[in-house]
Each structure stands twice: as C-alpha cells, then as structure tokens.
Amino acid sequence: MRKFTRDGSLRVLAVIALACLPSLAVVNNAAAERISNKVAVFSGIDKITGRITSFDVYIDETVQFGALQVTPKVCYSRDETEAQKIDSFVEVDEITLDRKVRRIFTGWMFADSPGLNAVEHPIYDVWLTGCKQQSEVVAPSQTN
C-alpha cells in the first residue's frame, strides 16, 4: 500500500501549476491586445434584388441601409500578430411604413460568426465584416 505524503502532494500541485502558467499568459495577452477602432464595416443584402452592399459606419454614427438604421457603439479587433476576433456592439432600428422607428436588434456581432448574431429582417439582412481605423467615407465631424 502506497502512502501519499504532504511533500509529495505539494510537488504534484507545483508541477500542475507550472504546466498551467503558459496557458494563463496566453489568455491575458489576448485580452491586452484588444484594439478599439473608429469604423465598423458591415455588409447587407437586399433579399428582393439579391444585391449585397458593403458599407462603413463610424462609431456612434447612424447609416441607413434600406429600411434599417445601423449604429455601432464600439468595434474591437486584435493586433495583427494575433488571430483576428472582430466584434462590435450594434443597435439596429427599423423605419416602419408609418414612419415610426422600432428597435429590432441590440447586441454584439462577431465577424467570424456572421450567422450567430446577424440582423435578420424580412427584406434586409446585415452582418459585421470588419473594423478599421480609417475609412474613405468622410467622417461626420469633418463635413461641417
């Protein structure tokens, strides 16, 4: 019969702790590399015409796509050396036929899983495709 001593148990715990340290460092490093961007990039489809459109939206600005108004609140990406995990917190409103605004989506969209939280509407679908620091579209504050 084998007896476990306190010293032997401590050695086993120390080996397990040392083995787990590299994975903890990777998790902390990934969280530290989160980059806040000024522009969210979306794609949308008009199901009637079948036309897919890509459009840039500055953070806290609203762009109308068909009957939908898309407003990103934040858009995060990762450093170029890391696997890209692009996500954005988005609000989407619908303009109804009687000119009322109705919120149809509030939440996170993920570029690597477009079907997870894409906006599905009877006529339009909208999904996040990326984030970037600059856009060819003139920033709203620069239009004055």
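Numbering-wise (our numbering), the sequence shown opens with residue 1 and increments by one.
All C-beta atoms in this analysis are idealised placements derived from N, C-alpha and C, irrespective of residue type, glycine included.
Inter-residue Cα distance where the pair is residue i and residue j
i, j, result
"T53", "E33", "30 angstroms"
"I45", "T81", "32 angstroms"
"T106", "D79", "26 angstroms"
"D112", "E136", "24 angstroms"
"G115", "W108", "12 angstroms"
"K100", "V70", "15 angstroms"
For residue i, the three-state DSSP class (helix, strand or coil)
i, result
"S36", "strand"
"S141", "helix"
"E94", "strand"
"I45", "strand"
Cβ-based burial, residue i [other Cβ within 10 Å; buried from 16]
i, result
"A118", "buried"
"D87", "buried"
Nearest residue (CA-CA) to residue i, options the options
i, options, result
"S141", "A67, F65, V57, Y76", "V57"
"G66", "L116, F110, T49, D60", "T49"
"T96", "H121, P114, K73", "H121"
"R102", "I59, L68, Q64", "L68"
"E91", "K100, R51, I59", "I59"
Other residues of its chain near residue i: CB distance less than 7 angstroms, five sequence neighbours each side excluded
i, result
"S77", "I35, N37, Q84, I86, C131"
Cutoff 8 angstroms; reference residue i; Cβ partners in own chain excluding five residues on either side
i, result
"D125", "G44, I45, K47, A118, V119"
Own chain residues within Cβ distance below 6 angstroms of residue i, not counting five before or after
i, result
"V41", "D56, T129, G130"
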